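**Q** Protein chains in written order, with the numbering used here: chain A, 1 to 103; chain B, 1 to 435; chain C, 1 to 235; chain D, 1 to 847. Using N, Cα and C, we set each Cβ at its ideal position, and we do this for glycine too. These numbers come from a predicted model, not from an experiment. Below is one structure. I have some questions about it.
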């Protein structure tokens, strides 16, 4: 089975996840936030597939990952539509400008 | 034992050979060495193909264009018929200065030609040239090749965007919209032979069409027949060939997305384009036109007799008999694909260019619904045959819808969503731009 | 060894590109690095013997989603707004929180004895790759035995080779799973137990979901028609 | 015609006559009210309805006569030569009336062969059910009809008089045909009160009244009678209060209504007794189920009470005349209970007919328009009490009859005496009405059943005539009603004067012996006095019952002539009134003339028979000539005429006249032989024969009294030989007593009104000083408690709620800072949250 174990993949997934979160938290560009979301999802996907590969859970992980991929595509489509609307309304893509819901 | 890779691969062969020189406790390292060597062999073979074919096609383009325009085309450079013209062009381009505009994003400007080329080259990786001659024998090869081909658009977009020129930007946007949109009907049309075959493995699909030409999937049922032409149109568009070459559109956009490119980087884009022409034609040949088979029957019968000859080279595909047969098969395959490329060239110099909105309309309003209907018809065709009792003797038994296709459908569907999104977005942007 | 090498290459590419995504301020470069990162993830999937998933990742994620993002970038890019700078303080805080989160995650990952997993989980089934390799190996062995051309050790080696070459062929299993069949589980199921349900329903739901998204996104992003006097005459 | 067809025909005709006024009422109130408010169309509608009703009624009378072969009018020989017939003789008209049964049955077998030739086996009474409303056990509440000759005569009389009065009223009420009617009697701060005219309303009320009155007459059971009884009461109330703005009118209306309620209370008691003990309300036997009606139950088929030996029970009988059985025993009703029931029903009659002691409402009721007085308060409604007493006669035991007689006796005297001193022309007539009603009651009480009802009809004619005449005078004198302001009016309004004179002569009972001519009142009053004389002969204890009406006959003549002389004769006492007075228009005088003719002639027989019993001028039937021929034509000496009650002579009136005989034909109880009560009062009811025997005496005495009264009146008011003022001065107490109407109002005031006032004053005091104090105290306590409660509410409850709200608000205000609306901060917080949560879990979980 080679020398690479489950743990290594999980660490890669964790790094990807954290990168995504930080990306979401720091990017003021809405598209950047979306990219962070994609990173987060991919981190999770790596975990899924790794579990599928290294544990007796079978194909479930891959199936889940597939669903995640597909739904992420859908999410991206909708999110981009939202971003475009945001741009149309605010003439900017800075998410900090969209704080009408502040308390 | 029908798996094409059941026999030893080059890597295994090399590993076995190297193992006899080294100690067994270093088997791991030897395996690594073998892997790298095998990879080099594969890459060399593929790159040669990848590099040579476009050169031929560029020459062919010039010649065909010349003939169609009632002139001779290149004659002076090189030997007979000017066959060294392309080489000369290449040398000239390599010699040119590598210019990067000041307003360009230098890193991406540099990277994007490679991105496009890598995507195009990766498609060759899973394209079986002959029975057993394939870089990566993936079980979902057909899916993978479509996926890899779709990456080419990145090179275009990033190139256009990073150029810092509005000509390039508009060209890139048009190009991207066109490519993304046309991938949808292309994938759907490609699904039709996949459904017939019941496999995503391109080698299996090729083997299925062995025998007479009537076994080719293009003749399998009326839907597949139409789907072939549909696919070919879409493929032409997806590799941004005329009459869909809006990306370049010299009259409007000066040169499209590669306005700011020159020299080697520019030539690499064209390398990728012509390679892609071959790739999509190769896919068409594999999926519809019997792959490496002649379709005449008796050459295959003759060759199958010698396939088993000479078992002393235990590398799959390189057994002597196999090698000879595969050489023949590869020639047949490349010939067929080149024929299709020729048609593309022919079309380019025959038909005028469409407007961008006409291009998008053709795709989204006509090709997508047509391909969807064809797909539905192809799915229901076996059921119709089964219910009417007119079972087709050949292939029908194998042609149950395989599960993998179902999941491929899901993927295609998501692409549809993205494609339509892009289409509408581009339409908006175009309006904004023209205003 | 080979796998290790490839893993390290792609893992570093993945993580590095992800960090580059975070660190870059230019959205287009972020997109570029995102492509690199996601493509590497796809490579990791191939390494994890998930060929189909890798292809899907390439097709949908890299080829679709990221294209979409790039489109977003281009459509919303107007002059200076492309470069919306994050303040250093925010970057610092974000980095700090990110590091904290990473440490938490790494702590969790490393503190689990993953090798015990086999013993802890019910062992009623095997990983798909294992099944594939077992089945292929056994059939291989049968053929080999019939031909009796290869001796015993060679047979084993051949089986191991077959196991490697056949790894990652999950298309058929996934497809069957989406159609409601689970060969990896059902084959090892004791008599009397019902068959597992597979993923037919989620598959259908996802399909419908995609359709809805298709329509909804097209609606959301549609061009707002500006009503101009005499516009109808132009039509 | 078979009885069934006849009955159906009669029913249909009378129902039409009955419902036509209702139709008119609906049309007037709902349609003409809005469309023709200021036109005479509502009057025409009402006249048309009631006129058609009269035609129907008269047709019904003819039909009935044809069906019975005019058996009731068959020759008079039995009366004329009653000696050789004796009391055992059965006359067809006196045949025991099995009200519903065909008379061909066993009930006639014992009547002897004499009867056979004249008494055709005919059905005289018809009854049936329109619609059954409800059924409670054995009791059925239904709309029944009962038709005999009494019903028919009443119908004809009521519709005819009503028609005349309607026509008269068109002229009388024409003042109302304006949007601004000025009521001179009502004074407001702006002068006279002005209101829109109510012409249509007046005729609508009249129509409704006619409907009610006819329904009362047609009713086939006592409960239905009660319902229409109340309806006429309502109409009376509405009509008395027609000038509602006048205080006196509204008070009078209330008074009439309340007085009637007092009588109705007794009526209801009687109804309850009958329901409880007899279980039926129907008069006649049911033709379908064969259940016995009230009359048969009490009187059987032979018209006699079946009293037990101890005189305490009256056995009830079924339709075939046998005793009713229940649980093997004979069903019976206590004799005293029967008396109570009779008295109860009669109490209703007292109220309605304004008998003592409830007589005071009728004079006040003169506040209504004069046509109303004529129709409602003289001719029909007040006569309804008498009608009911007559209709219910079979249910009355001799003891009840005694009560009736005394009540009537007292009433007639009191009212007559008051009338002597009354000066308001309408009030004189009102008291006269009360007095005459007393006569009728007296007649019924003393066994002169036929005489009472006879007087009812004749009185209706001449009293309505006189009221209309007075109305004409009032209208002519511009609403002056006081006789002292009149005088000599006959020169100005001759028609009114002489028609009035006819009425006066009629009511006085005067006759011209030599010419053998008497007006209708003469015949009917003679019959009453004769009955009273026979009664007092048989029961000497009660001889007062004879002398009072005799004397009162004189008084009647006196005050009626006084009225006439004061009004029409002599010199005008008020020149202003005289100058403005004028004769009434034709529409008013024509009814007067018609009524005057009938008032004089309605008792005569010449319309149908001549004196010999031969068919008269208008006789619809050829009476058997042979039978008529048997009667020897006797000499027409005046004494003989007089002694025969005027039966013979050119006019063939009185008891021999068709009217009386038609009425007498419907008698249920045989008066062929004297009947002695077995009850507590040993009273003997005289037989027809006995009454007949004393008729000459009574007639002579009554005539003398009447002449005496009229001569006195002539002397006092005609030629003024004796000055009325002198007499008044000589007996100031008596005069005042009479002017005060025997001080009944004072008596009632002292007896009822004052005690009520005292008691209510006590109640008020109790309310004020006890209940109010308690209430105020408790209210104050509650108020103070509530103030404390408010403080608690505001301080504690509100404070708590406000505290919660304020705390929530302040927390929310402080927390709203956290919601920055920045997406990225949220992500950051989520990450921080995860880290913190993880840290907490790690530190909290033991390893």
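How should residue 567 of chain D be labelled, buried or exposed, when 16 other C-beta atoms within 10 angstroms of its C-beta is the threshold for buried?
**A** Here residue 567 of chain D refers to the residue found at position 567 of the fourth chain. With 16 or more other Cβ atoms within 10 Å, it is buried.
**Q** Determine the chain D residues that contact residue 25 of chain A at a beta-carbon separation under 7 Å, and present them in chain order.
**A** In the first chain, residue 25 of chain A corresponds to position 25, counting from 1. Within chain D, the residues near residue 25 of chain A are 824, 827, 828, 831.
**Q** Going along chain A in order, which residues have a C-beta closer than 7 Å to the C-beta of residue 821 of chain D?
**A** In the fourth chain, residue 821 of chain D corresponds to position 821, counting from 1. Chain A residues near residue 821 of chain D: 99, 100, 101, 102.
**Q** Let me know the secondary structure DSSP gives residue 322 of chain D once reduced to three states.
**A** Taking the first residue of the fourth chain as position 1, residue 322 of chain D is located at position 322. DSSP places residue 322 of chain D in coil when its eight states are reduced to three.
**Q** Taking all protein chains shown into account, decide if residue 21 of chain B is buried (16 or more other Cβ within 10 angstroms of its Cβ) or exposed.
**A** The count along the second chain starts at 1 and reaches residue 21 of chain B at position 21. With fewer than 16 Cβ atoms within 10 Å of its Cβ, residue 21 of chain B is classed as exposed.
**Q** Given that a residue counts as buried once 16 or more other Cβ atoms are within 10 Å of its Cβ, and exposed if not, what is residue 459 of chain D?
**A** For the purposes of this step, residue 459 of chain D is taken as residue 459 along the fourth chain, with counting starting at 1. Classification for residue 459 of chain D: buried.
**Q** Where residue 192 of chain B and residue 224 of chain B are concerned, what is the direct C-alpha to C-alpha distance, given to the nearest angstrom?
**A** On the second chain, position 192 is the one that residue 192 of chain B refers to. On the second chain, position 224 is the one that residue 224 of chain B refers to. Taking the straight line from one Cα to the other gives about 6 Å.
**Q** In the DSSP assignment, the beta strand (DSSP E) including residue 186 of chain D goes from what residue to what residue?
**A** Taking the first residue of the fourth chain as position 1, residue 186 of chain D is located at position 186. Start and end: 181-188.
**Q** What did DSSP end up calling residue 482 of chain D once you bin it into helix, strand or coil?
**A** The residue labelled residue 482 of chain D in the question sits at position 482 within the fourth chain. Strand.
**Q** Short of 6 Å in beta carbon distance, which residues of its chain neighbour residue 221 of chain B, apart from the five on each side in sequence? Order them along the chain.
**A** Residue 221 of chain B sits at position 221 when you count from the first residue of the second chain. So the qualifying residues of the chain are 381.
**Q** Just list the residues that DSSP pairs residue 135 of chain D with in beta bridges.
**A** One-based indexing of the fourth chain puts residue 135 of chain D at position 135. According to DSSP, which records beta bridges pairwise, residue 135 of chain D is partnered with D:140.
**Q** Could you pull the start and end residues of the beta strand (DSSP E) that residue 191 of chain D belongs to?
**A** In the fourth chain, counting from the first residue as 1, residue 191 of chain D sits at position 191. That run of the beta strand (DSSP E) goes 191-195.
**Q** Mind the definition here: the region 205-216 of chain B touches the region 156-170 of chain B only if three or more C-beta pairs lie below 8 Å; say whether that holds.
**A** Judged by Cβ distances under 8 Å, the region 205-216 of chain B makes no contact with the region 156-170 of chain B, as fewer than three pairs qualify.
**Q** Is residue 792 of chain D close to chain C, meaning its C-beta is less than 8 Å from at least one C-beta of that chain?
**A** Taking the fourth chain and counting its residues from 1, the one referred to as residue 792 of chain D is at position 792. No, its Cβ sits nowhere closer than 8 Å to a Cβ of chain C.
**Q** Find out if the Cβ-Cβ distance for the pair residue 696 of chain D, residue 687 of chain D is shorter than 8 Å.
**A** For the purposes of this step, residue 696 of chain D is taken as the residue at position 696 of the fourth chain. For the purposes of this step, residue 687 of chain D is taken as the residue at position 687 of the fourth chain. Cβ distance not < 8 Å, so residue 696 of chain D and residue 687 of chain D don't count as in contact.
**Q** Entirely within the region 13-77 of chain D and at least 3 residues each: give me those beta strand (DSSP E) ranges in chain order.
**A** If we require 3 residues or more, the region 13-77 of chain D turns out to have no beta strand (DSSP E) run fully inside it.
**Q** Flag residue 16 of chain C as yes if its beta-carbon sits less than 8 Å from any beta-carbon of chain B, otherwise no.
**A** The count along the third chain starts at 1 and reaches residue 16 of chain C at position 16. No, because no Cβ of chain B sits closer than 8 Å to the Cβ of residue 16 of chain C.
**Q** Can you tell me where the beta strand (DSSP E) holding residue 332 of chain D begins and where it ends?
**A** Residue 332 of chain D sits at position 332 when you count from the first residue of the fourth chain. Element bounds for residue 332 of chain D: 332-334.
**Q** If we cut at 8 Å on Cβ distances, does residue 33 of chain A have a partner in chain F?
**A** Protein chains A, B, C and D are contained in the structure displayed, whereas chain F is not.
**Q** Check for me: the alpha helix (DSSP H) holding residue 245 of chain D runs from which residue to which?
**A** For the purposes of this step, residue 245 of chain D is taken as the residue at position 245 of the fourth chain. Segment: none, residue 245 of chain D is in no alpha helix (DSSP H) and carries neither H nor E.
**Q** I believe residue 175 of chain C touches residue 197 of chain C by the beta-carbon criterion, under 8 Å. Please report the beta-carbon distance rounded to the nearest angstrom.
**A** Start at 1 with the first residue of the third chain, and residue 175 of chain C comes out as number 175. Start at 1 with the first residue of the third chain, and residue 197 of chain C comes out as number 197. Actually they are not in contact, since the Cβ atoms of residue 175 of chain C and residue 197 of chain C sit about 15 Å apart, beyond 8 Å.
**Q** For residue 329 of chain D, list the residues DSSP reports as bridge partners.
**A** For the purposes of this step, residue 329 of chain D is taken as the residue at position 329 of the fourth chain. Partner(s): D:326.
**Q** Helix, strand or coil for residue 85 of chain A, going by three-state DSSP, please let me know.
**A** Within the first chain, the letter at position 85 stands for residue 85 of chain A. In the structure shown, residue 85 of chain A sits in a helix (DSSP, three-state: H, G or I).
**Q** Classify residue 752 of chain D: buried if its beta carbon has 16 or more other beta carbons within 10 angstroms, exposed otherwise.
**A** Counted from its first residue, the fourth chain places residue 752 of chain D at position 752. When all chains shown are included, residue 752 of chain D counts as exposed.
**Q** When you compare the CB of residue 18 of chain A with every CB in chain C, is at least one pair closer than 8 Å?
**A** For this step, residue 18 of chain A is matched to residue 18 along the first chain. Output row for residue 18 of chain A: interface = yes.
**Q** Identify the continuous beta strand (DSSP E) that holds residue 693 of chain D and give its terminal residues.
**A** Position 693 of the fourth chain, counting from 1, holds the residue named residue 693 of chain D. Not the beta strand (DSSP E): residue 693 of chain D falls in the alpha helix (DSSP H), residues 688-713.
**Q** Sort out for me which residues DSSP pairs residue 221 of chain D with in a bridge.
**A** Against the fourth chain, residue 221 of chain D aligns to sequence position 221. Paired residues: D:282.
**Q** Short of 9 Å Cβ to Cβ, which residues in the region 40-62 of chain C face chain B?
**A** Against chain B - using a Cβ distance shorter than 9 Å - the residues of the region 40-62 of chain C are 42, 46, 51, 52, 54, 55, 56, 57, 58, 59, 60, 62.
**Q** Can you say whether residue 229 of chain B is buried or exposed, counting buried as having 16 or more other CB atoms within 10 angstroms of its CB?
**A** Numbered from its first residue, the second chain carries residue 229 of chain B at position 229. When all chains shown are included, residue 229 of chain B counts as exposed.
**Q** Check distances from the C-beta atoms of the region 104-117 of chain B to those of chain C and list, in chain order, the residues that come in under 9 Å.
**A** Answer set for the region 104-117 of chain B: 105, 107, 108, 111, 112, 115.
**Q** What residues of chain A sit near residue 111 of chain C, judged by a beta carbon separation below 8 Å?
**A** Here residue 111 of chain C refers to the residue found at position 111 of the third chain. Going along chain A, no residue has its Cβ under 8 Å from residue 111 of chain C, so there is no contact; the nearest lies around 11 Å.
**Q** Output, in chain order, the set of chain D residues within a Cβ distance shorter than 8 Å of residue 94 of chain C.
**A** The residue you call residue 94 of chain C lines up with position 94 of the third chain. Result: 828.
**Q** Give every residue of the same chain whose Cβ lies closer than 6 Å to the Cβ of residue 38 of chain C, excluding the five residues on either side of it in the sequence, and list them in chain order.
**A** Counting from 1 along the third chain, the entry for residue 38 of chain C is found at position 38. The answer, listed in chain order, is 61, 62.
**Q** Just checking: is the beta-carbon of residue 67 of chain C within a distance shorter than 8 Å of some beta-carbon in chain B?
**A** For the purposes of this step, residue 67 of chain C is identified with residue 67 of the third chain, where counting begins at 1. It does: the Cβ of residue 67 of chain C has a partner Cβ on chain B nearer than 8 Å.
**Q** Between residue 104 of chain C and chain D, is any beta-carbon pair separated by less than 8 Å?
**A** Within the third chain, the letter at position 104 stands for residue 104 of chain C. Cβ-Cβ to chain D under 8 Å: yes for residue 104 of chain C.
**Q** With DSSP as the reference, identify every bridge partner of residue 315 of chain D, one or two as the case may be.
**A** Counted from its first residue, the fourth chain places residue 315 of chain D at position 315. According to DSSP, which records beta bridges pairwise, residue 315 of chain D is partnered with D:332.
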